[in-house]
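Worksheet: one structure, shown below.
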Amino acid sequence: MSRSGGAANRPGTAPPPLAILIFSRHTDREVTMRKLLALLAAALPVVAQAQDSLVSTEQVSQQRLVSRTGGHYAETVQIGSGNTAETNQAGSGNRAVIRQDGIGNVATIRQSGYGLNAESAQVGTTPGVAITQSTGAGSIRVQQYGPGTNGR
Amino acid sequence: MRKLLLATAATLTLSSGAFAAEFSAAYVEQVGGSNNVVTQDQTGYRNDAKAYQTDGQRNTINQTQTGSRNDAWASQQASRSARIDQDQDGRGNRASAKQVRVSTNDKITQTQRGDYNKAEGSQSYSSGVLITQDQHGDGNSAKAKQSQANGVLFLKTTITQTQHGDRNEAEATQDRSYGVTILQTQSGRGNEATAEQRDGTTLSAIIQAQSGRGNDAYGKQSDTSASLITQTQTGNDSRASATQSGSNLVFITQVQNGDGHYAKAGQYGTAASSITQTQGGSYQSATAEQRGTSNSRIIQIQGERGHSAGNTAKAFQVSAEDGLIKQIQTGYANYAYASQSGTNNQIFQTQSGIGNSTTAYQYGGTGNTVTQTQR
Chain A
37 MSRSGGAANR
47 PGTAPPPLAI
57 LIFSRHTDRE
67 VTMRKLLALL
77 AAALPVVAQA
87 QDSLVSTEQV
97 SQQRLVSRTG
107 GHYAETVQIG
117 SGNTAETNQA
127 GSGNRAVIRQ
137 DGIGNVATIR
147 QSGYGLNAES
157 AQVGTTPGVA
167 ITQSTGAGSI
177 RVQQYGPGTN
187 GR
Chain B
56 MRKLLLATAA
66 TLTLSSGAFA
76 AEFSAAYVEQ
86 VGGSNNVVTQ
96 DQTGYRNDAK
106 AYQTDGQRNT
116 INQTQTGSRN
126 DAWASQQASR
136 SARIDQDQDG
146 RGNRASAKQV
156 RVSTNDKITQ
166 TQRGDYNKAE
176 GSQSYSSGVL
186 ITQDQHGDGN
196 SAKAKQSQAN
206 GVLFLKTTIT
216 QTQHGDRNEA
226 EATQDRSYGV
236 TILQTQSGRG
246 NEATAEQRDG
256 TTLSAIIQAQ
266 SGRGNDAYGK
276 QSDTSASLIT
286 QTQTGNDSRA
296 SATQSGSNLV
306 FITQVQNGDG
316 HYAKAGQYGT
326 AASSITQTQG
336 GSYQSATAEQ
346 RGTSNSRIIQ
356 IQGERGHSAG
366 NTAKAFQVSA
376 EDGLIKQIQT
386 GYANYAYASQ
396 SGTNNQIFQT
406 QSGIGNSTTA
416 YQYGGTGNTV
426 TQTQR
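Now the structure itself:
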């Protein structure tokens, strides 16, 4: 309001509410328009002042922090025996899937972040699986089919 | 007649010229002797210059034409240290040069300035020989062929083709040779470079470099060993294709900088071989395939800049043993796919950025390993 100028900004004169400015029949039309324009100008973005730049910087930093990594998807399919699969993910919203069919296969998933999802499905004998999630909440699903399975 | 020419041609210089002429023809023939020089200069329209030398040493044919729709033709047979120089300035000209059963240090040089010109050069049954073709303009065509042409120590057998302009075509072929090189350089738009080495070439190289937009590079080696194909492209929307078959210790390297490029590489029946594809920028696509290989590797690197996006890398190793696929991607929304069949193979997939996807597929083998890292 300090930039609007006009009669309403004289020292000691409080600015009337916007509704009054717009709908009052007793206010001069020109003065009303000037005040309305002044209000609109006050509402528009202005060059950042020194005291509010910190807030802006923090918001940007926060956005960068959130968007730095994540949203990945990794899938591994192995058919055969004695195979090894390892998936490492850092960040949020990641999903990892390992499917193995054979004897003595090993699956490892390591995830850190939020909103994680890990899935392992193994068919065959003596499979091994290890899934680790850290930092935030996530879901893990392990399926093993076949005799002599390990890791249950 | 032949003996007479042999006796008198020791330092004979023949020249023919037609200035600002149309439909003129000049024909020169030399048999035997040494240090012979044929010089033909023509200016005008639809002129013909023909020169033929045989059974000599250190002979030279110089042909210069200025104008349009001119033809220059030169041939040397059974010569030593022979040389053909053809220079054309204008539009729709054609230069043709041929050397047969020449020996070391023989050269064909063809230079054309203007549009829609054609240059053809061939050498056979020779060693340590050079074909150099240089074209400036649009819509030009350069063809070169070396057959049973071998490199010797300190004397390379090389085809060098350079084109500046748009919609040009360069084609080079070498067969049954060793120690040979094809070097193709193009700048402009819509250019096409094709290089092939076949039928048992060893210690051979195809090097192709293109700058501009919408260019195509094709490199092919068959029945080769200890050889390489290197393709480099800068600009946008260009395509590179390289193939090696029946080879050992062979390498394909493809480097593309810019956006929207496509790289394709294939090795078939090779051992101890590698494919390396490097792409910087966005919306790139790289595909590499190895079939029936052992101890071979595929390396794909995309998005060296952090803001690269939408890149796709696909790698296939079929019936492979001790194979390696390594894929590295940086940026956003990239996708990596790797597939292997066989035993003791490895896949490494590393992605940095946001929203990337990766798939690894191994089948029909034992002792295989997949390592995926996303951050």
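From first to last, the protein sequence lines are chains A and B. Per the working numbering, the first sequence starts with residue 37, numbered consecutively. Per the working numbering, the second sequence starts with residue 56, numbered consecutively. Just so you know, even glycine gets a beta-carbon here, dropped at the ideal spot from N, CA and C.
Original post:
So, helix, strand or coil for K211(B), using DSSP?
Top reply: Residue state, collapsed to three classes: coil.
Original post:
Under 8 Å between C-beta atoms, does Y109(A) make it to chain B?
Top reply: So yes, Y109(A) belongs to the interface.
Original post:
Could you give the C-beta distance for G145(A) and A154(A), rounded to a whole number, given that I count them as a contact under 8 Å?
Top reply: Residue identity check: residue 145(A) is Ile in the sequence provided, not Gly. The C-beta separation of I145(A) from A154(A) comes to about 5 Å, placing the pair in contact by the 8 Å criterion.
Original post:
So, is P163(A) buried or exposed, given that buried needs 16 or more other C-beta atoms within 10 angstroms?
Top reply: Buried, by the Cβ-count rule.
Original post:
Going by DSSP, which residues form a beta bridge with A106(B)?
Top reply: BP columns for A106(B) point to V83(B), A129(B).
Subject >> CB of V86(B) within 8 Å of CB of T109(B), strictly >> reply: Contact annotation: V86(B) and T109(B) have beta-carbon atoms nearer than 8 Å.
Subject >> Nearest neighbour of K162(B), chosen from K153(B), G422(B), D193(B) [CA to CA] >> reply: Looking at the Cα atoms, K153(B) is the closest of the given residues.
Original post:
Skipping 5 residues on each side, what residues in its chain have a beta carbon closer than 6 Å to that of Y392(B)?
Top reply: The answer, listed in chain order, is K369, T414.
Original post:
Looking at C-alpha atoms only, which residue of S123(B), S351(B), T121(B), D142(B) is the closest neighbour of A129(B)?
Top reply: Looking only at S123(B), S351(B), T121(B), D142(B), the smallest Cα-Cα distance to A129(B) is reached by D142(B).
**OP:** Establish whether the CB of G420(B) and some CB of chain A are separated by less than 8 Å.
**Re:** At least one chain A Cβ lies under 8 Å of G420(B).
Original post:
Which residue from N389(B), G378(B), Q406(B) puts its Cα closest to that of G397(B)?
Top reply: Of N389(B), G378(B), Q406(B), the residue nearest in Cα terms is G378(B).
**OP:** Rounded to whole angstroms, what's the CA-CA distance from S293(B) to N270(B)? Just pull it up for me.
**Re:** Taken atom to atom, the span from the alpha-carbon of S293(B) to that of N270(B) is near 5 Å.
**OP:** Please list the residues of the region 172-185 of chain A that have a C-beta atom closer than 9 Å to any C-beta atom in chain B, keeping them in chain order.
**Re:** Across the region 172-185 of chain A, no CB contact with chain B closer than 9 Å is found for any residue.
Original post:
So what does DSSP say about Q339(B), is it helix, strand or coil?
Top reply: In this structure, DSSP gives Q339(B) a state outside helix and strand, which the three-state scheme calls coil.
Original post:
Are the C-beta of Q114(A) and some C-beta of chain B separated by less than 8 Å?
Top reply: Among the residues facing chain B, Q114(A) is included, as its CB has a counterpart in that chain under 8 Å away.
Subject >> Cross-chain neighbours of G106(A) in chain B, by beta carbon under 7 Å >> reply: Close to G106(A), with beta-carbon spacing below 7 Å, are these residues of chain B in chain order: I409.
Subject >> Closest by C-alpha distance to E175(B), when choosing among S196(B), G324(B), T217(B) >> reply: Answer by Cα proximity: S196(B).
Original post:
Roughly how many whole angstroms lie between the Cα atoms of I354(B) and S329(B)?
Top reply: I354(B) and S329(B): Cα-Cα distance of roughly 8 Å.
Subject >> Collapsed DSSP secondary structure at T63(A) in the structure displayed >> reply: For T63(A), the predicted model reports a pLDDT of 46, less than 50, meaning its position is unreliable and no value from the coordinates is stated.
**OP:** Could you tell me whether any non-hydrogen atom of the ligand GDP is closer than 7 Å to the CB of A326(B)?
**Re:** Ligands are entirely absent from the displayed structure, and the ligand GDP is therefore not among its contents.
**OP:** Entirely within the region 377-421 of chain B and at least 4 residues each: give me those alpha helix (DSSP H) ranges in chain order.
**Re:** DSSP runs (the alpha helix (DSSP H)) wholly in the region 377-421 of chain B: none.
Original post:
According to the Cβ coordinates, are D170(B) and R149(B) closer than 8 Å?
Top reply: Taking 8 Å as the Cβ cut-off, D170(B) and R149(B) do not qualify as a contacting pair.
Subject >> Proximity winner among N130(A), G116(A), V178(A), relative to Q429(B) (alpha-carbon distances) >> reply: With distances taken between Cα atoms, Q429(B) lies closest to N130(A).
Original post:
Taking Cβ positions only, does G118(A) come closer than 8 Å to chain B?
Top reply: So yes, G118(A) belongs to the interface.
**OP:** Can you have a look at F371(B) and say buried or exposed, based on whether 16 or more other CB atoms are within 10 angstroms of its CB?
**Re:** Classification for F371(B): buried.
Subject >> Assigned secondary structure, N205(B) (DSSP; H/G/I helix, E/B strand, else coil) >> reply: N205(B) falls in the strand class under three-state DSSP.
**OP:** Could you tell me which chain A residues have their CB closer than 9 Å to the CB of Q417(B), listed as they occur along the chain?
**Re:** Within 9 Å Cβ-Cβ: T112, V113, Q114, I115, G116, N119, A121.
Subject >> Selected residue, minimal CA-CA separation from Q229(B), among Y390(B), Q406(B), A260(B), S363(B) >> reply: The closest CA to that of Q229(B), considering only Y390(B), Q406(B), A260(B), S363(B), is found on A260(B).
Original post:
Of all Cβ atoms in chain A, is any one closer than 8 Å to the Cβ of Q427(B)?
Top reply: Yes, its Cβ sits closer than 8 Å to a Cβ of chain A.
Original post:
For Q252(B), which option in N400(B), S202(B), T217(B) has the closest C-alpha, if you only look at C-alpha atoms?
Top reply: Nearest C-alpha to Q252(B): S202(B).
Subject >> Contact with chain A by H424(B), beta-carbon distance below 8 Å >> reply: Reading off the sequence, residue 424(B) comes out as Thr, not His. By this cut-off, T424(B) is an interface position.
Subject >> Spatially closest choice to Y181(A) from I167(A), G160(A), R135(A), by CA coordinates >> reply: Ranking the options by Cα distance to Y181(A), first place goes to G160(A).
Original post:
So, is the C-beta of G127(A) closer than 8 Å to a C-beta in chain B?
Top reply: Yes, G127(A) counts as interfacial toward chain B.
Original post:
Got a sec: is the Cβ-Cβ distance from N130(A) to anything in chain B below 8 Å?
Top reply: For N130(A), the answer is yes, since a Cβ of chain B falls inside 8 Å of its Cβ.
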